[in-house]
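Scroll down for the structure; my scribbles are underneath it.
Chains as they are written, first to last, in the working numbering: chain A, 948 to 1395; chain B, 333 to 673.
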């Protein structure tokens, strides 16, 4: 396929160092509606911290990748930057100008400079508008083109630039007449027609076929060079991010857990979450296999995130201060029962009373025996749990087990909220790299 | 070598349209042995999902089929629909792409299992059903404490595991999995791939894994079949096909993947053709960098490259079938940049 191959140098337009966008401790929360009864009683149902204290800067000409799984808050981050979701707290500065808290009318002129490309090109285009109308729409909204002819010229120019050639042929077509890749080109044409500085691209290639992704990525690289664009590339796909980005931010449950130069993230990942993400990718090379020691479970519910470090329940390297709690005990018990034949599970389950008490996040857990059973029987199950998985990081988090009294109570070491630490060229939130946290853990271990 | 469970010969499936029919599967042959995983790959619209549905007798009304699907001395193509329906579940299982939409939101997980087991084994005892359901769920890593919960209480990955457990509880001989991990996150995808790998080791299930992700094929499949415009253009041992692809389409598809090792962007020019009116002779010739004159005039013939490795491409002969001058390069018009899928 030599004809189609074209080496694309990475980072063609060198970042000039001038900071275009400065994001500091940004938070976006969504209030939960709760039940009717809760609202009647005026009780708040809590909130989802979709973006939870995110800081980064974006330099002119740079491509920053924001990588995370579903529920990591990466899409909300993109929407918040564009004012599509209101920031709850923190600051976003566009060339020094604060843009959070602006009214829609005040924000609108800024949209000329900040544009977005969404994941689903089909949903992004109005099916009742021709491609020409859709691509020219921003010119009308912002009152830029004076007449039809001027508008037509700009639209043709934008279409040609994204490779929809000859443009006249595409202008009168409707979205349904176009393939997925062609629609995404049209969406990109609409995003660049106002001459933006920053393009936020939210999964721009993930709905497209393998064979088309490369073409759209190549287009984005060409546009960056020709138009001097700066990208925020939001994706779940570490492979395209590696190719496309200068720097990478890894997000997990609303936080940036690691951010650094792309080469550093891929060659020398530090956060255990980054490490497992990289190991989980199935590579098209049959001589390599995906690691068999993937993190257990899935991204937890953002309404009640884990205590301490959000990743600790899935982390193989978690230790004393990572935020161990009651729900982790329930998970461990359930994992044990999952592996058991049904009669043995029944026998153990009958000994233990309600499990629901453990659902409330707490640094202590109480397990009551079911009626007709004793605390000693419960204690025995906990002991078997430990014998079965003695190396589980969970046990590092246990400070004391009290088997006297009417219930078994387990006390966990107090967790510490991870903070930003600098490690070489990367910044990350992980206690493994935080000397204070390591020292606290040593004290905890000694006190046990 | 284990037994051939499913033997597909010259299978065809058409969808009716107002005009000419869509020939989504157009003369496809392959076999799967027990305990073997065959990966079926290709771009969207090449007919891979239709092929999976044809095997299970799940094509919509108005679709026509021809050819043979041999399963236990029966031809499923000509068998009465009632007979195929009885096989679906206990003999031929299916895992869909979207676990969110395939579970009934008003039914507990337990009831999903009870319904499935009762539908196929009317004499199943309650205690026995419970044991088998919990075993199947346990093998997928779903805790027994959650047996009485509703689908909405589970995450996407867990719902997909429940779907797999529902398919496996009947112990099918053949399992068709259509993009089973496409809607899932990468770590959960990895977990499901581990489960599928255990499946082929521990049970003797023959698995047809339909996917567009060649990384998954490399990871999970013994053999691979590459589909283009309704036909299988190359088929063989997954390692061998990945190491030495014989068909230019397979090679192009492998090169177009963006993986962690990618340093150059490569792609396949043009788009997959319409299945109503595909190009004559070799259907890939308009996009093929190595196309010869014969490729646009004469249907390619299946040739064997090595044991179990076959391809349909004139580059591999048979030479005595190529007309004089047929090996000259094909002259074509340039394909526009945006003519794409």
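Backbone N, C-alpha and C define an ideal beta-carbon position, used for all residues, glycine too.
Under the three-state DSSP convention, the category residue i falls into
| i | result |
| --- | --- |
| residue 996(A) | strand |
| residue 1068(A) | helix |
| residue 1091(A) | coil |
| residue 1379(A) | helix |
| residue 545(B) | coil |
| residue 615(B) | coil |
| residue 621(B) | coil |
| residue 425(B) | strand |
| residue 443(B) | helix |
| residue 1367(A) | coil |
| residue 926(A) | In this structure chain A extends from 948 to 1395, so residue 926(A) is not present and cannot be described. |
| residue 490(B) | helix |
Residue i, buried or exposed, once every other Cβ within 10 Å from all chains shown has been counted against 16
| i | result |
| --- | --- |
| residue 384(B) | buried |
| residue 451(B) | exposed |
| residue 396(B) | exposed |
| residue 1217(A) | buried |
| residue 1036(A) | exposed |
| residue 1053(A) | exposed |
| residue 674(B) | The first residue shown for chain B is 333 and the last is 673, placing residue 674(B) beyond what the model contains. |
| residue 330(B) | Nothing in the structure corresponds to residue 330(B), since chain B is present only between 333 and 673. |
| residue 457(B) | exposed |
| residue 329(B) | Since the displayed chain B opens at 333 and closes at 673, residue 329(B) lies outside it and no answer follows. |
| residue 978(A) | exposed |
| residue 484(B) | exposed |
| residue 1182(A) | buried |
C-alpha distance - residue i paired with residue j, whole-angstrom precision
| i | j | result |
| --- | --- | --- |
| residue 905(A) | residue 1057(A) | Nothing in the structure corresponds to residue 905(A), since chain A is present only between 948 and 1395. |
| residue 590(B) | residue 1188(A) | 10 Å |
| residue 1180(A) | residue 1334(A) | 46 Å |
| residue 1003(A) | residue 969(A) | 6 Å |
| residue 975(A) | residue 1347(A) | 37 Å |
| residue 1376(A) | residue 1385(A) | 13 Å |
| residue 1110(A) | residue 1277(A) | 55 Å |
| residue 948(A) | residue 1159(A) | With a pLDDT of only 37 at residue 948(A), under the threshold of 50, the placement of this residue in the model should not be trusted, and no figure is reported. |
| residue 419(B) | residue 507(B) | 12 Å |
| residue 542(B) | residue 488(B) | 19 Å |
| residue 1024(A) | residue 1230(A) | 29 Å |
| residue 403(B) | residue 640(B) | 21 Å |
| residue 1413(A) | residue 1048(A) | No answer is possible for residue 1413(A): it lies beyond the span of chain A, which begins at 948 and ends at 1395. |
| residue 1383(A) | residue 502(B) | 54 Å |
| residue 1271(A) | residue 463(B) | 33 Å |
| residue 381(B) | residue 1069(A) | 21 Å |
| residue 1096(A) | residue 1141(A) | 17 Å |
| residue 368(B) | residue 1126(A) | 36 Å |
| residue 646(B) | residue 1135(A) | 40 Å |
Residue-level contact to chain A via CB, residue i, 9 Å cutoff
| i | result |
| --- | --- |
| residue 343(B) | no |
| residue 523(B) | yes |
| residue 586(B) | yes |
| residue 510(B) | no |
| residue 544(B) | yes |
| residue 549(B) | yes |
| residue 457(B) | no |
| residue 494(B) | no |
| residue 367(B) | no |
| residue 600(B) | yes |
| residue 624(B) | no |
| residue 592(B) | yes |
| residue 652(B) | no |
Any chain B beta carbon closer than 9 Å to residue i
| i | result |
| --- | --- |
| residue 965(A) | no |
| residue 1340(A) | no |
| residue 1190(A) | yes |
| residue 1162(A) | yes |
| residue 1183(A) | yes |
| residue 1271(A) | no |
| residue 1377(A) | no |
| residue 974(A) | no |
| residue 1400(A) | What the structure shows of chain A is the stretch from 948 to 1395, and residue 1400(A) is not part of that stretch, so it cannot be assessed. |
| residue 1208(A) | no |
| residue 1246(A) | yes |
| residue 1213(A) | yes |
Taking only runs that begin and end inside the segment 1176-1243 of chain A, name each unbroken alpha helix (DSSP H) of 4 or more residues, in chain order. 1185-1191, 1209-1214 and 1219-1227
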